[in-house]
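Per this note's numbering, residue 229 is the first one in the sequence shown, and the count goes up by one each step.
Ideal placement from N, C-alpha and C gives every residue a C-beta, glycine not left out.
Computed from a predicted model, the values in this text were never measured in an experiment.
Take a look at the structure set out below.
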Amino acid sequence: MRAAQYRIPRTAGDTEDAELVLFFFGQGKGGAADDNLTRWYGQFTEPDGRAPRDVATVTSRTVRGLHVTAVDLAGTYLGGAPGSAPRPGFRLLAAVVEGAGGPWFFKAVGPAPTIGAAKAAFNALVDSLQAHP
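If you want it as C-alpha cells, here you go:
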C-alpha cells in the first residue's frame, strides 16, 4: 500500500519533477528485496541493449539494525502502470528497508539529473531511519 508520496522538484533543464513513493504492505508482505529489484529492473530498458540488472548499482548496508538493500539505475523508464509512455533519460533510486514489522519500500524515479541531485538527500533519509518496537 502506498504510505506516502513526495514530489522532488526538477533541476534546471529538466522538464518534469521526480517522485518519491514509500510503500508498506505489512509483515511478511511486499516480497523479498531481490524480487522487488527484479520488478524494478523490468521497468527500465538500456539504450545499448544491456540488461538493466547488469548496469544497476546494488548496495547492502545495516542502518540501526535495519537491513537496507538499495539500487541505483538509469535508462529508459517504462513506467509503473501499463500503457505508460517510455521516458528516456530517467533514473531510479530505490531501497528495501527490512525490519521486524515488515519491509518498507522507498522508490524515487524521475529525470536523471533531478534524481542525481537528490541522491544525497535520499541516502540521508534512508540513513536516518530507526526501528521502533
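For this session: To the nearest angstrom, report how far apart V324 and R292 are at their CA atoms.
Result: Annotation: V324 to R292 spans about 14 Å, alpha carbon to alpha carbon.
Exercise. Which runs of the alpha helix (DSSP H) spanning at least 4 residues fall entirely within the segment 272 to 358, listed in chain order?
Worked result: Counting only unbroken stretches of 4 or more residues, the alpha helix (DSSP H) elements lying wholly within the segment 272 to 358 are 280 to 283, 340 to 355, in sequence order.
Problem set entry | Contact belief for L357 with I343 at Cβ below 8 Å, rounded distance in angstroms | With a beta-carbon spacing of about 20 Å, L357 and I343 fall beyond the 8 Å limit used to define contacts.
Problem set entry | Cross-strand partners of E247 (DSSP beta bridge) | In DSSP, E247 forms a bridge with R235, V337.
Exercise. What is the rounded straight-line gap between the Cα of P314 and the Cα of Y305?
Worked result: Roughly 6 Å separates the two Cα atoms.
Exercise. If you drop the 5 nearest sequence neighbours on each side, which residues of the same chain put their C-beta closer than 6 Å to that of P316?
Worked result: Cβ within range, chain order: T304.
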